[in-house]
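Residue numbers (my numbering): 15 to 486.
We put the CB at the ideal spot given by N, CA and C, even for glycine.
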Ligand code: GDP
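As structure tokens, then:
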């Protein structure tokens, strides 16, 4: 196809691929980068219109500085199991802190927004945990502005606490710590501060850059202060959006309600969505028939950082799908249908992630600068040794980043982090769990298992030098 489009011989194209280290057959599909390179060699420029992204470029068009206004932060709560994530979200939802609006939030719609005394607002995603956070990111949805990491002050920094910190850091999202259960007699927040400091995380009252607050999700102590700290963090991020354009944002959750049809909770991230708007969300479209806030009240419109549940879509889009308000109903419907068809043809995912084998080719193309690695091993000592050696492989062209390392088998959460951060996973003397293996297959994540440190280092080194023979 590309040969005839450019009017050159098929063999020339195959030859050009070979010079890139790609052995292709005549009817093989080439990926986007390869197509660009090949086309460029013949003096053509390729413009890609993907079925999922088309029209998004137009709708996400850059805003003028003067059209931007402050928007409130969107927050995800993470932390170790039983440290109080759900209790914290429940407390904030039920107390409805502070903002003085009548009635607590009774509806569970997957996200809610609360007002603070200072007049600011904070929106919460109501599904705690780094798994949900990273699954969204793996779908390309970066929704969260600030992460609250809950650590029980009567316990310690636990494995999932570390995981949560790594996931937030890999996403580049600032963290505010909540030292919870401060009402309990055995609580000792200083012990937690100390443990964090050994991980190079210094909280503010110890002279560091991380904000932290002692709280009790049971009595409510400190929670208002926690939220003000989140608002402060958000202020530093200078979050802004243009409310005066078509609404765009992300789907948080959706379901089929027997009485009402498809109900989706969406988070408007920019622009404003109104009743009657034509919506394109993932593989579905429709007109917004009704909108409700987290109090179950009807609303007419929703601006940036506002979660609403909506009626009117002709299906249930996935969490993490983008939505757009469109001007043309026919166009919205036809894009949705095309996406649905493409999804059926290609299975759930088609995005290709980085593999060791591919590094050489990506290097040749010149668009590869960082190799992100997730490292899992059986004992701390070997993980540290391997981590040091791998980082030392960094050259001027490629930087090796160990974005997460820990003891234990390779979990689904590791795979999702790899998908979200374009990373490969290296396991030393450990194997993936069944769930992790399945997810890795679906997401096409490269998992490499080694039992000799030297082998791991050599193979990564070879890959970085473009020497790794492609797998046949
Ligand atoms: P999650 O697994 O992180 O969502 O933790 P939960 O919110 O389910 O809390 C685990 C347990 O700790 C529950 O029994 C809560 O009632 C209790 N808990 C949570 N926060 C507090 C707190 O601030 N003080 C006390 N005393 N108990 C708490």
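As assigned by DSSP and simplified to three states, the class of residue i
i, result
"residue 24", "helix"
"residue 321", "strand"
"residue 180", "helix"
"residue 288", "strand"
"residue 95", "coil"
"residue 132", "coil"
"residue 305", "strand"
"residue 30", "helix"
"residue 155", "coil"
"residue 300", "strand"
"residue 374", "helix"
"residue 113", "Residue placement at residue 113 cannot be trusted, given a pLDDT of 48 that sits under 50; what the coordinates show is reported in the next sentence. In the structure shown, residue 113 sits in coil (DSSP, three-state: anything other than H, G, I, E or B)."
"residue 327", "strand"
"residue 206", "helix"
"residue 233", "coil"
"residue 198", "coil"
"residue 68", "The predicted position of residue 68 is uncertain, since its pLDDT is 47 and thus under 50; a value taken from the coordinates is nonetheless stated next. Residue 68: coil per DSSP, three-state reduction."
"residue 44", "coil"
"residue 56", "coil"
"residue 144", "helix"
"residue 119", "coil"
"residue 351", "helix"
"residue 100", "helix"
heavy atom of ligand 1 below 6 Å from residue i C-beta
i, result
"residue 98", "yes"
"residue 170", "no"
"residue 198", "yes"
"residue 231", "yes"
"residue 427", "no"
"residue 91", "no"
"residue 95", "yes"
"residue 18", "no"
"residue 319", "no"
"residue 488", "The structure shown does not extend to residue 488, since the chain is modelled only from 15 through 486, so no value can be given for it."
"residue 101", "yes"
Residue i Cβ short of 6 Å to ligand 3 heavy atom set
i, result
"residue 195", "Questions concerning ligand 3 fall outside what the structure shown contains, since the ligands it does hold are ligand 1."
6 Å Cβ shell around residue i - same chain, five flanking residues per side excluded
i, result
"residue 408", "414"
"residue 180", "418"
"residue 434", "148, 151, 152"
"residue 479", "none"
"residue 231", "98, 101, 102, 105, 194"
"residue 235", "none"
"residue 346", "292, 294, 299, 340"
"residue 81", "256"
"residue 326", "300, 301, 302, 303"
"residue 464", "442, 470"
Opposing strand residues paired with residue i [DSSP bridges]
i, result
"residue 227", "192"
"residue 384", "413"
"residue 391", "421, 442"
"residue 127", "137"
"residue 38", "Beta-bridge pairing links residue 38 to no other residue."
"residue 88", "137"
"residue 312", "306"
"residue 163", "92, 191"
"residue 336", "264"
"residue 217", "224"
"residue 83", "255"
Neighbourhood of residue i by C-beta distance below 7 Å, restricted to the same chain and skipping five residues each side
i, result
"residue 121", "308, 309, 310"
"residue 145", "427, 430"
"residue 357", "297"
"residue 113", "Bear in mind that a pLDDT of 48 at residue 113, under 50, signals an unreliable position, so the number given afterwards is only what the model happens to contain. So the list reads 128, 129, 130, once near-sequence residues are dropped."
"residue 23", "17"
"residue 56", "20, 22"
"residue 314", "288, 289"
"residue 363", "Low local confidence applies: a pLDDT of 44 at residue 363 is under 50, so the model's placement there is unreliable, with the coordinate-based value given in what follows. The answer, listed in chain order, is 456, 457."
Own chain, CB closer than 8 Å to residue i, minus 5 neighbours either side, in chain order
i, result
"residue 53", "16, 20, 59, 60"
"residue 72", "Since pLDDT at residue 72 reaches only 43, below the 50 mark, its modelled position is unreliable, and no value is offered."
"residue 370", "438, 460, 462, 473, 474, 477, 482"
"residue 40", "24, 28"
"residue 202", "167, 168"
Chain B contact for residue i (CB, 7 Å cutoff)
i, result
"residue 391", "Judged by its chain identifiers, the structure shown contains no chain B, having just a single protein chain."
For this session: Could you name each continuous beta strand (DSSP E) segment of 3 residues or more that falls completely within the region 237-296, going from the start of the chain to the end?
Result: Counting whole runs of 3 or more residues, the region 237-296 contains the beta strand (DSSP E) stretches 262-271, 275-284, 292-295.
For this session: At 3 residues or longer, and completely inside the region 399-484: list those beta strand (DSSP E) runs for me, N to C.
Result: 413-421, 437-442, 461-464, all fully within the region 399-484.
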